[in-house]
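Here is the structure we will look at, set down as structure tokens.
2 protein chains.
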Amino acid sequence: MQRYSQLFGKTNRESKNFESLNATLLQKAGFINQEMAGVYNFLPLGLRVLNKIENIVRKEMLKISNEVLLPSLSPKDYWETTKRIDKIDILMQTIGANDLSSKKNTSSYILNPTHEEIITPLVKEYISSYKDLPLALFQIQTKFRNEARAKSGLLRGREFRMKDLYSFHISLEDLEDYYEKVKQSYFNIFEELGLKDSTILVKASGGDFTKDYSDEFQIICENGEDIVFLDKKTNTYYNKEIAKKEIINDGIKVSEAGNIFILGEKFSKDFNFTLKDKNNKDINIFMGCYGIGTSRIMGIIAEKFNDDNGLIWPENISPYDYHIISQSEDLETETKKIIEQIEKKGKTVLWDDRTDIHMGEKLSDADLIGISKRIVISKRSLEKGGVEIKQRNSFDTKIMTFKEFANSI
Amino acid sequence: MQRYSQLFGKTNRESKNFESLNATLLQKAGFINQEMAGVYNFLPLGLRVLNKIENIVRKEMLKISNEVLLPSLSPKDYWETTKRIDKIDILMQTIGANDLSSKKNTSSYILNPTHEEIITPLVKEYISSYKDLPLALFQIQTKFRNEARAKSGLLRGREFRMKDLYSFHISLEDLEDYYEKVKQSYFNIFEELGLKDSTILVKASGGDFTKDYSDEFQIICENGEDIVFLDKKTNTYYNKEIAKKEIINDGIKVSEAGNIFILGEKFSKDFNFTLKDKNNKDINIFMGCYGIGTSRIMGIIAEKFNDDNGLIWPENISPYDYHIISQSEDLETETKKIIEQIEKKGKTVLWDDRTDIHMGEKLSDADLIGISKRIVISKRSLEKGGVEIKQRNSFDTKIMTFKEFANSI
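Chains P and L supply the protein sequences, listed in that same order.
Sequential numbering of the first sequence, starting at 2, is according to my numbering.
Sequential numbering of the second sequence, starting at 2, is according to my numbering.
Next comes the structure, spelled out in structure tokens:
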């Protein structure tokens with residue numbers, strides 16, 4: 002149990018309003034704090050949500066791949082090899098702080114915005130037989146992108162968290178099979194995140210890598226930054242770059258949470274990564290890459306699930322399972338009994354134990370923070386025989402006896 | 002259960018020899034892969050060890066502080082405020098890759114080597130009453146230091162993992178009380194890491210921050226990069242910078258795993274962080290900082306616990322609890338029964354299921370990888386009535402019946 006009095010990052014309604022709703026809500030509720038445009042501190046509540054999102058993603062990924070942790074720094078020559086050093090305009094480079102003034106320009110690295118340049122030579126070093134493919138590796142890690150405008154809170158960071166998965170195959174067919182598996186994993190993840198009814202698969206351009214489409218996982222969201230269009234004949238969504246005029250009627254506002262790409266032979270060719278088949282003939286390697294923005298998802302959910310009073314977290318990623326408010330200090334015995342019952346069932350509690358704050362303020366803080374279940378223990382609730390329960394996403398309160406409550410956990 | 006055939010990062014004895022033993026062993030055994038000097042990829046086995054170390058550290062830290070996640074990027078003006086931008090020669094700065102050639106020098110940030118410059122203004126923003134102190138916050142995160150020589154493997158990285166804790170107090174006495182608490186937490190951590198008998202507390206200079214000493218947690222290690230000296234009269238260790246000549250006899254080789262510092266008022270003064278006491282008088286804020294190098298500890302343990310055949314992991318941070326080798330494919334039923342028994346008790350298994358590799362090679366791979374318990378299932382072990390058990394840190398093998406083994410888990 003976490004006592005709210007001991008928690009760093011209390012609600013702060015005076016905190017500034019940002020251009021984006023997610024940053025405003027998350028900062029006022031004490032989840033994040035802006036360090037500078039596009040760069041955020043995760044306070045304890047925010048870190049708990051981020052960890053829950055990342056653990057849901059990790060659990061699904063481990064079913065279809067191995068986890069690694071690649072570095073944030075990489076040598077420039079890898080990016081020269083793929084010629085992306087000049088193409089990616091959001092690349093950041095490091096340089097010794099003292100060197101900059103003296104223009105010596107020693108020890109400079111790329112601060113990775115994505116990891117194809119790192120994982121392809123790494124896999125090449127370890128895989129020497131076609132029998133070791135298919136191979137899929139993922140990581141959950143911090144990425145850096147020098148975005149020109151970073152005004153969308155957690156939706157567009159200069160420093161942000163991401164899950165990236167890369168797969169290696171000896172044929173395009175094998176890659177396509179795996180690509181379908183990842184699609185299913187992604188749907189499982191978005192369902193667990195509480196986004197089942199709002200996740201749509203959208204066809205997008207394959208970029209430089211493939212003539213085929215890539216797929217975006219878009220979340221339907223009133224404040225979404227993207228628009229997609231439905232081709233009703235084929236029941237397929239297209240993003241605005243590739244949607245044909247004849248299907249364009251009302252667009253749907255969405256926010257991107259993940260995408261999956263056929264990379265084809267681009268990177269394996271750049272790094273001369275081939276294998277021999279059983280007849281000693283060279284096999285070209287086909288790659289796919291699959292991203293999910295984990296801190297971005299936290300932002301999307303904040304944009305999507307809220308009301309005038311604050312945040313409304315889906316159960317699986319609520320920072321705590323229960324938010325407990327006791328009216329006065331003399332109810333501590335009852336409160337601790339309830340907390341014990343909850344923790345016995347493996348659920349977590351944030352207890353607003355502050356004694357110098359009125360009930361009304363505690364209730365409005367609970368709404369702002371948005372934990373999915375709220376329990377009030379007051380003289381009134383005890384007179385009625387127990388505790389008052391309220392779901393954050395409903396207006397109904399309900400009185401339960403202690404016993405009924407214990408069974409409901 | 003992880004099948005070794007499906008694990009990325011197999012042993013590779015042909016992999017190059019580094020100047021440091023830890024990098025050589027960890028790379029040959031498939032735990033890490035050098036990206037460039039001072040920067041490493043963590044492969045699945047290495048990431049498991051790193052996660053175990055970090056979870057031990059986290060568990061103890063959560064007893065005495067709140068967890069946050071601060072960004073790697075920070076604005077330059079914070080470092081100008083503390084004047085450390087010119088003093089810390091290992092600072093790295095970022096710059097847009099395209100800007101560098103055009104010398105526009107826009108959007109440049111500091112890539113944080115430590116976080117006093119970030120946490121002090123953050124805490125100042127949230128804490129408005131002396132009643133909210135003491136406050137302690139920690140994070141486990143990636144740090145960046147532009148080390149001139151980075152030839153010690155995981156012992157001196159340009160990019161590395163670290164736990165850093167910062168505490169805030171309204172008096173030096175309160176800080177000193179908390180400082181002692183952290184000391185105890187650190188001893189608990191090093192005990193759980195399997196380093197109880199080799200951890201010593203060493204007095205070091207307090208640096209620019211305090212006239213008092215700081216404390217280093219040093220691990221006795223033959224290949225250690227530091228030397229400390231024991232003052233036998235007071236039973237106190239001093240590092241070589243401050244040891245007095247009269248106590249200097251034989252030094253003890255050690256490797257630093259953690260340090261704790263009284264920062265005093267340095268950073269709170271730089272950022273004008275004061276509070277009012279109950280009489281409305283200004284109180285100065287006293288700070289402490291407390292580090293543990295988590296990836297560095299992985300390196301220290303690799304340097305310290307090994308033999309001619311490979312790594313020897315302490316039980317609590319062994320990548321898996323059991324390494325299972327079955328002699329031939331027709332023993333799969335027995336093997337799977339053993340694995341089921343182990344997993345029922347919540348323990349983890351790496352199963353060398355390769356069918357194209359001889360027993361001898363599997364045994365020597367098990368030694369190189371260094372998982373703390375090895376189980377061999379062979380015709381010989383079955384004839385003798387069960388499975389053969391061997392601890393990696395002992396030469397003795399033992400035959401157990403299936404039932405005896407099940408009870409021993």
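Even glycine gets a Cβ: it sits at the ideal position worked out from N, Cα and C.
From a predicted model like this one, the values you see are computed outputs, not experimental measurements.
{"query": "Using 8 Å as the threshold, is the stretch 134 to 145 of chain L in touch with the stretch 240 to 252 of chain L, meaning 3 or more CB pairs across them?", "result": "no"}
{"query": "Pull out every residue of the stretch 24 to 44 of chain P whose Cβ sits closer than 7 Å to any Cβ of chain L, in chain order.", "result": "34, 36, 37, 40, 41, 42, 43, 44"}
{"query": "For residue 375/P and residue 340/P, what's the separation of their Cα atoms in angstroms?", "result": "12 Å"}
{"query": "Can the beta-carbon of residue 239/P be found closer than 9 Å to that of residue 212/P?", "result": "no"}
{"query": "Listing by chain order, which chain L residues have their CB less than 9 Å from the CB of residue 127/P?", "result": "9, 10, 11, 13, 31, 34, 44"}
{"query": "Can you round the beta-carbon distance between residue 370/L and residue 12/L to whole angstroms, since I take them to be within the 8 Å contact cut?", "result": "7 Å"}
{"query": "If we cut at 9 Å on Cβ distances, does residue 95/L have a partner in chain P?", "result": "yes"}
{"query": "For residue 331/L, name the three-state secondary structure that DSSP assigns.", "result": "helix"}
{"query": "For the beta strand (DSSP E) containing residue 237/L, name the first residue and the last one.", "result": "237 to 240"}
{"query": "Verify whether the separation of the beta carbon atoms of residue 123/L and residue 159/P is less than 9 Å.", "result": "no"}
{"query": "Determine whether the beta carbon atoms of residue 319/L and residue 378/L lie at a separation below 9 Å.", "result": "no"}
{"query": "For a contact defined as C-beta to C-beta under 7 Å, what are the partners of residue 72/L on chain P?", "result": "36, 40, 41, 42, 160"}
{"query": "Tell me, which residues are paired with residue 352/P by DSSP?", "result": "4/P, 325/P"}
{"query": "Going by DSSP, which residues form a beta bridge with residue 255/L?", "result": "221/L, 227/L"}
{"query": "Kindly indicate which three-state DSSP category residue 192/P falls into: helix, strand or coil?", "result": "helix"}
{"query": "Output the distance between the C-alpha atoms of residue 404/L and residue 337/L, rounded to the nearest integer angstrom.", "result": "15 Å"}
{"query": "At the level of alpha carbons, what is the spacing between residue 195/P and residue 255/P?", "result": "16 Å"}
{"query": "Quick check: the Cα distance between residue 72/P and residue 111/P, rounded to an integer number of angstroms?", "result": "11 Å"}
{"query": "So, at 7 Å on beta carbons, what are the nonlocal neighbours of residue 125/P in its own chain, with the 5 sequence-adjacent residues on each side left out?", "result": "272, 274"}
{"query": "Give the residues from the stretch 171 to 189 of chain L that approach chain P closer than 9 Å (Cβ to any Cβ), ordered along the chain.", "result": "none"}
{"query": "Given this structure, state the Cα-to-Cα distance separating residue 261/P from residue 208/P, to the nearest angstrom.", "result": "12 Å"}
{"query": "List the residues of chain P whose Cβ lies closer than 8 Å to the Cβ of residue 76/L, in chain order.", "result": "36, 37"}
{"query": "Could you pull the DSSP bridge partners for residue 280/L from this structure?", "result": "Partner(s): none; residue 280/L has no beta bridge."}
{"query": "In terms of alpha-carbon separation, which member of 137/P, 3/P, 24/P lies closest to residue 291/P?", "result": "137/P"}
{"query": "For a contact defined as C-beta to C-beta under 8 Å, what are the partners of residue 229/L on chain P?", "result": "Near residue 229/L there are no residues of chain P at all, since even the closest Cβ is about 31 Å away, more than 8 Å."}
{"query": "By DSSP, does residue 381/P sit in helix, in strand, or in coil?", "result": "helix"}
{"query": "If you reduce the DSSP assignment to three classes, tell me which class residue 175/L lands in.", "result": "helix"}
{"query": "With a cut-off of 9 Å, does the C-beta of residue 69/L fall near any C-beta of chain P?", "result": "yes"}
{"query": "From the DSSP output, which residues share a beta bridge with residue 359/L?", "result": "Partner(s): none; residue 359/L has no beta bridge."}
{"query": "Counting beta carbon pairs with one atom in the stretch 34 to 44 of chain P and one in the stretch 384 to 400 of chain P, are three or more of them shorter than 8 Å?", "result": "no"}
{"query": "Relative to the C-alpha of residue 395/P, which residue among 56/P, 372/P, 179/P, 78/P is closest?", "result": "372/P"}
{"query": "If you follow the beta strand (DSSP E) that residue 131/P is part of, which residue opens it and which one closes it?", "result": "Counting along the chain, residue 131/P falls outside any beta strand (DSSP E), and DSSP gives it neither H nor E."}
{"query": "If you draw a straight line from the alpha carbon of residue 14/L to that of residue 129/P, how long is it in whole angstroms?", "result": "15 Å"}
{"query": "Pick out whichever of 191/P, 47/P, 383/P, 234/P has its Cα sitting closest to the Cα of residue 219/P.", "result": "191/P"}
{"query": "Using Cβ-Cβ distances below 7 Å, what residues of the stretch 134 to 156 of chain L are close to chain P?", "result": "136, 138, 143, 147"}
{"query": "For the stretch 159 to 172 of chain L against the stretch 278 to 295 of chain L, do three or more pairs of beta-carbon atoms, one drawn from each stretch, fall closer than 8 Å, so that the two count as touching?", "result": "yes"}
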